[in-house]
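Chemist: Structure in C-alpha cells, see below.
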Amino acid sequence: MTSQQKSISSSPNNRIKLVRTFPRFNVSQRWEHAVLLLCIAILLLTGLPQKYNTTLWSQAIISSPGRLNTIQQIHHITALVLSALVLYHLGKAIYLITRRKLPGDMLPTLQDIKDAWSMLLYLIYIKKQKPAFGKYNFEQKVTYWFLFFSIGIMIISGYVMWFPGTITRVLPGGVIPAAIMAHSTEAIVTAIFIVLWHFYHVHFERLNLSIFSGWLNEEDMHTYHSLEYNQLVRQPRSDQDPGDMQS
Amino acid sequence: MRPVRKYHFFYLISAIFICSLSVFFIVTNAIASPSEKEVQSISQGQVLPDLKDTGPIVGNNVCLGCHGQPGLTMTLQNGDILDLYVNPDSYANSIHGQDGYACVQCHTNLGNYPHPLFTATDFRDATLHLTNLCNRCHSGEYNLTMDSVHFDKLAIGVREAAVCTDCHGSHDVHQWTDPETHNLLPAARLSIPATCSKCHNAIYQKYLTSVHGAALTEESNTDVPTCIDCHGVHNIGNPTTAAFRLKSPELCASCHTNPAIMDKYGISTNVLNTYVSDFHGTTVTLFEKQSPDAPTNKPVCYDCHGIHDISRVDNPQTGIEMQQNLLVRCKGCHPDATSNFPSAWMSHYIPSPEHYSLVYYVNLFYKFFIPLVLGAMVALVGLDVGHSIYIRTHRGKPRLKPKPAEVQPSELTETPTKPPQTEPNGEITNEQSEQSEQSEHDSEEASHE
C-alpha cells in the first residue's frame, strides 16, 4: 500500500526527476474497467444502429436479415459478458462487506452534496477555493453511480426484451414495451453521459490514465485528492486501505 | 405531205373511239362487281350487312348468318365439342359490340366465306390460341400479364392458368372502368371476387366470411378491397414470395392510413405508424427498404389479422382484440406464449395513461430526465471549462493570496458533519491543519506558476 517511486524524464535536458506515485486502482479494478469499456463500446456500436434503423448510416450496417442477426448475436454475447462483469463486481463487494473490508470510499455521503455545492460556488466564482476531495471526488462518485444504475437498467430491460415469453409468465405483458422503451432511451442517456461527463473529466480537464496504469503521481494526488494524499503522507494508518478492494 | 395529213385525222378518230370504248368497259366492270357480291349474299338468304359501313370488312351479319344459329358446333381433335354459337344480343351488349367492332377485326385470319377451318387439339387449346387476339389492341394489358403469376404458370405448361378471356369473357366483354377516369366501376368491383372464384373458389369462400368480403357481397360496399386491390390486376404477382410479404404492410396501409375511407367506419389510421414503431414492424420496414427479397419471420399485418379471412378485431369469436384470440396468433411464432404474452404487443395503441401506462410513464420520465441530466452536465462542464480558462488567464496575480483565509471557516464548519466511518472525529483537528496547509500550498502554487 505504500507509494512507489517512479523515475520520469520530465525536462528536455533529461534531468531525472523522482516522481512519487500512489497506488490508486488494483489489477482487478483496472481489468474490470477495461472489460466494461470494451463491453459498452461494443454494445453501443451494435445497439445504436438498431435504434436508429431509419437512418442511412444504420441501414448501411444492417443491410440484410443476416447482418442484423449477426449484430444481435454480438450484442447478446457482449451483454452476457457485461452481466458476468456486473455479477463479479457485486459478488466482490458482497464478499468484502461480509469480511467488513469494503473500503467504502465510493459510497455517496452527505459530504459529496456539500462538495458539489462548494464546487458549484467555486465554479461561479463565489468561492475562491476548490473543495478538498478524498479518494473519490463527487464527480467520480457521480460517474460511478450513474453508470451503476444505468447499467442496471440496461441489463434488466435487456433481459426482459430478450426473454419476453419467460418474463410474461410472471409479469404483465406491458413490461415488454416498457423495457424496450427504457433500454433504448437509457442507452442514449448513458452514451451521452460517458462522452460528455466522463470523457471530459478524464481526457480534457486533465489526462487521467490511472484506471489503466493503476497509479497516480504525487502532484495529481495532491491537487485532486488532497484529503487522501494528506492521510497517506501524514497519517499512514495500518487499517487504512488506499483504495484497492484487495485485502 | 398532204395525203399523210389525211391519214393523221383518221388515226385520231379511231384512237378516241378505242379510248372511250375501254373507259366504258372499265366503268361497267366496276359496277358489275358489287352486284355479283350482292347476288352471292342474297343467295344465302341475307340482306347486305352494314352495321357501321365497315367498307371492305366483312360485316358481322355475314358471320352471324352461321354463328348466330344456336347449335353450331365443331368437334376438336380430342373429341371436345366447341360451341361455335355467338349470341348476337350478348355481343351487341358487350363493349366491343356497342362500339361497333366487327367480328373480323379480332378474327383477322378468316377472310371471305368459306373461311379456313379452325383447328385446335382441345377446348383449352382453342382458348389459349384465341386469347392472343386481344394482344392486337390491348397490348399494354397483355404485356402486363406476361409479368403475372398466371403467365409464369402458363409458361411451364399449366394450361389452366388464367388468360384474358377467362376473366373478361370473350364475346360478352364488359366495360369495367370508367372511360374518363379509368377507375374501376362499382359494378365491376362487385363482380371481381366472383370472377376470381371461378378458379380460386376456396379462397373466395374464405373471403366471403371476411369483414371485407361480407361488406362487398352483402352490403355492396365498394370501399372494401376486392381481390385485385391487393393482388393487382394484369401483372398479378406471386403472393407467397418474401418480397410480397415485406411489401404487404404498405398494401394494407394504402387504405388503412387513408382518413377519407377510414373515418367513415371509425377505424384508426395510426395502424401503420404504430406497427412500424414497434419491434416487429421496425424490422419488416427495415428489410423492405434494404433487402426487399429477404425472407423474414417477423409478422406482417396478415399474420395476425388473417389473409382472406380477416375479421373485425372486436368479433368475439375471431377478433384479435380478444387476447385469447390474439394468443393463438402469437403462438404461431412463440409456441411457449402464455396468457400475459399478447399484451406485450401494444395493439396499435400509442402509449397513454389509459393504454400501456407503464410505457407512457417510462417515456415521460425520460422526457424530463434526459434534459435534466444533460443540462446539469453541460452546465457543470461548461462552468468548469470557463473557470479553468479564467484561472489560466489570471494566473500569478497576487490577489489570490488572501482568499484561503476567507474560505477556511466554511470548510471548517462542514468537516464535523462528515459521516464517522469515513472521517473519525478524532481526525478533525488534524484535517483542519491539513486543509489550511493545503490551501496555503494551493495559493503558493498559483503564485508560483
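Sequences listed follow chains A and B, in order.
With the numbering used here, the residue at position 29 of the first sequence is 29, and numbering never jumps.
For any residue, its number in the numbering used here is found by taking its place in the second sequence, counting from 1, and adding 247.
Even for Gly, the Cβ is constructed at its ideal location relative to N, Cα and C.
Please list the partners that Thr-442 (chain B) has in chain A, where partner means a Cβ-to-Cβ separation under 9 Å.
Modeler: Position 195 of the second sequence, counted from the start, is the residue given in the question as residue 442 (chain B). Ordered by position in chain A, no residue passes the 9 Å Cβ test against Thr-442 (chain B), which lies about 37 Å from the chain.
Chemist: How is Gly-292 (chain B) classed by DSSP in three states: helix, strand or coil?
Modeler: For the purposes of this step, residue 292 (chain B) is taken as residue 45 along the second sequence, with counting starting at 1. Interpretation of Gly-292 (chain B) is limited by its pLDDT of 35, a score under 50 that renders its predicted location unreliable; the figure taken from the coordinates is listed afterwards. Coil.
Chemist: On a Cα-Cα basis, can you pick out the residue from B:His-447, B:Asn-448, B:Tyr-338, B:Asp-583 that is closest to Thr-166 (chain A)?
Modeler: Taking the first residue of the first sequence as 1, we reach residue 166 (chain A) at position 166. Closest by alpha carbon: B:Asp-583.
Chemist: Please classify Ser-280 (chain B): does DSSP put it in a helix, a strand, or coil?
Modeler: The count along the second sequence starts at 1 and reaches residue 280 (chain B) at position 33. Legend: pLDDT at Ser-280 (chain B) = 43, less than 50; position of this residue unreliable, no value from coordinates given.
Chemist: For Gln-72 (chain A), decide whether its Cβ has a neighbour in chain B, counting only Cβ atoms nearer than 8 Å.
Modeler: Stepping through the first sequence from its first residue, residue 72 (chain A) is reached at position 72. Chain B contact via Cβ: absent.
Chemist: Is it a yes or a no for the segment 183-192 of chain A touching the segment 214-233 of chain A, going by three-plus beta-carbon pairs under 8 Å?
Modeler: With the cut-off at 8 Å, the segment 183-192 of chain A and the segment 214-233 of chain A do not touch.
Chemist: Could you give the residue range of the alpha helix (DSSP H) that holds Arg-576 (chain B)?
Modeler: Locating residue 576 (chain B) in the second sequence gives position 329, where the first residue counts as 1. Run containing Arg-576 (chain B): 570-578, per the alpha helix (DSSP H) assignment.
Chemist: Entirely within the segment 528-593 of chain B and at least 4 residues each: give me those alpha helix (DSSP H) ranges in chain order.
Modeler: Fully enclosed alpha helix (DSSP H) runs of 4 or longer: 548-552, 570-578.
Chemist: Check whether the segment 458-477 of chain B and the segment 432-445 of chain B touch, using three or more Cβ-Cβ pairs below 8 Å as the test.
Modeler: Judged by Cβ distances under 8 Å, the segment 458-477 of chain B makes contact with the segment 432-445 of chain B, as three or more pairs qualify.
Chemist: Can you give the Cα-Cα distance for Pro-671 (chain B) and Asp-115 (chain A), rounded to whole angstroms?
Modeler: As a first step, residue 671 (chain B) must be located in the second sequence, where it is residue number 424. As a first step, residue 115 (chain A) must be located in the first sequence, where it is residue number 115. Bear in mind that the predicted position of Pro-671 (chain B) carries a pLDDT of just 39, short of 50, making it unreliable; the figure below should be weighed with that in mind. Approximately 18 Å between the Cα atoms of the pair.
Chemist: For Ser-341 (chain B), which residues in the same chain have their Cβ closer than 6 Å to its Cβ, ignoring the five residues on either side in sequence?
Modeler: The count along the second sequence starts at 1 and reaches residue 341 (chain B) at position 94. Contacts found: Asp-419, Val-420.
Chemist: Residues of chain A with CB closer than 7 Å to the CB of His-581 (chain B), please, in chain order.
Modeler: Mapped onto the second sequence, residue 581 (chain B) falls at position 334. Chain A residues near His-581 (chain B): Gly-165.
Chemist: Of the residues B:Arg-639, B:Ser-594, B:Pro-440, which one's Cα is nearest the Cα of Gly-173 (chain A)?
Modeler: Residue 173 (chain A) sits at position 173 when you count from the first residue of the first sequence. Considering only alpha carbons, the answer is B:Ser-594.
Chemist: Examine chain A for any beta-carbon lying closer than 8 Å to the beta-carbon of Asn-517 (chain B), and answer yes or no.
Modeler: The count along the second sequence starts at 1 and reaches residue 517 (chain B) at position 270. So, not an interface residue.
Chemist: Check the Cβ-Cβ distances between Pro-496 (chain B) and every residue of chain A, and say whether any is below 8 Å.
Modeler: Numbered from 1 along the second sequence, position 249 holds the residue referred to as residue 496 (chain B). Pro-496 (chain B) does not count as touching chain A.
Chemist: Any idea if Val-195 (chain A) is buried or exposed, counting beta-carbon neighbours within 10 angstroms, 16 or more meaning buried?
Modeler: Here residue 195 (chain A) corresponds to residue number 195 of the first sequence, with the count starting at 1. It counts as exposed.
Chemist: For Ala-178 (chain A), would you say it is in contact with chain B, using Cβ-to-Cβ distances shorter than 8 Å as the test?
Modeler: The residue you call residue 178 (chain A) lines up with position 178 of the first sequence. So yes, Ala-178 (chain A) belongs to the interface.
Chemist: Any idea which residues DSSP pairs Pro-598 (chain B) with across the strands?
Modeler: The residue labelled residue 598 (chain B) in the question sits at position 351 within the second sequence. Note: Pro-598 (chain B) sits in no beta bridge, so no partner.
Chemist: Note down, in chain order, each residue of its chain lying with its Cβ closer than 6 Å to the Cβ of Ser-157 (chain A), except the 5 sequence neighbours on either side.
Modeler: Start at 1 with the first residue of the first sequence, and residue 157 (chain A) comes out as number 157. Closer than 6 Å at the Cβ level, and outside the excluded window around Ser-157 (chain A), lie Ala-179, Ala-182, His-183.
Chemist: Taking DSSP as the reference, what is the three-state secondary structure of Trp-215 (chain A)?
Modeler: Looking up residue 215 (chain A) in the first sequence gives position 215. Note: Trp-215 (chain A) maps to strand in three-state DSSP.
Chemist: Hey, how far is the Cα of Val-620 (chain B) from the Cα of Lys-511 (chain B)?
Modeler: By one-based count along the second sequence, residue 620 (chain B) stands at place 373. By one-based count along the second sequence, residue 511 (chain B) stands at place 264. One C-alpha to the other measures close to 46 Å.
Chemist: Going by the CB atoms, is the gap between Phe-193 (chain A) and Met-624 (chain B) shorter than 8 Å?
Modeler: The count along the second sequence starts at 1 and reaches residue 624 (chain B) at position 377. The count along the first sequence starts at 1 and reaches residue 193 (chain A) at position 193. Yes; because the gap between Cβ atoms is below 8 Å, this pair is in contact.
Chemist: Which of the three DSSP states is assigned to Met-321 (chain B) in this structure?
Modeler: Residue numbering aside, residue 321 (chain B) sits at position 74 when the second sequence is read from its first letter. Note: Met-321 (chain B) maps to strand in three-state DSSP.
Chemist: Would you mind telling me which residues of chain A sit closer than 8 Å to Gln-537 (chain B), beta carbon to beta carbon, in chain order?
Modeler: Numbered from 1 along the second sequence, position 290 holds the residue referred to as residue 537 (chain B). Gln-59, Ile-62, Ser-63, Ser-64, listed in chain order.
Chemist: Spatial neighbours of Ser-261 (chain B) within its chain, please: C-beta separation below 8 Å, excluding the five flanking residues on both sides.
Modeler: As a working note, residue 261 (chain B) is residue 14 in the second sequence. Answer for Ser-261 (chain B): no residue qualifies.
Chemist: Relative to the C-alpha of Asn-69 (chain A), which candidate in B:Asp-550, B:Asn-325, B:Phe-534 has its C-alpha closest?
Modeler: Numbered from its first residue, the first sequence carries residue 69 (chain A) at position 69. For the residues B:Asp-550, B:Asn-325, B:Phe-534, the minimum Cα distance to Asn-69 (chain A) belongs to B:Phe-534.
Chemist: Ser-590 (chain B) touches chain A at which residues, Cβ-Cβ below 7 Å?
Modeler: If you number the second sequence from 1, residue 590 (chain B) lands on position 343. Result: Pro-172, Gly-173, Gly-174.
Chemist: List, in order along the chain, the chain A residues whose C-beta lies closer than 8 Å to that of Ile-636 (chain B)?
Modeler: Residue 636 (chain B) sits at position 389 when you count from the first residue of the second sequence. Within chain A, no residue comes near Ile-636 (chain B); the closest Cβ sits about 12 Å away, beyond 8 Å.
Chemist: Please go through the same chain and pick out, in chain order, the residues whose beta-carbon is closer than 7 Å to the beta-carbon of Gly-315 (chain B), but skip the five residues on each side of it.
Modeler: Walking along the second sequence from the start, residue 315 (chain B) turns up at place 68. Val-333, Pro-335, listed in sequence order.
Chemist: Checking contacts by CB at 8 Å: is Val-19 (chain A) closer than that to chain B?
Modeler: Counting from one through the first sequence, the residue named residue 19 (chain A) turns up at place 19. Not one chain B Cβ lies under 8 Å of Val-19 (chain A).
Chemist: Are the CB atoms of Arg-206 (chain A) and Thr-585 (chain B) nearer to each other than 8 Å?
Modeler: By one-based count along the first sequence, residue 206 (chain A) stands at place 206. By one-based count along the second sequence, residue 585 (chain B) stands at place 338. Their beta carbons are not under 8 Å apart, which means Arg-206 (chain A) does not touch Thr-585 (chain B) by this criterion.
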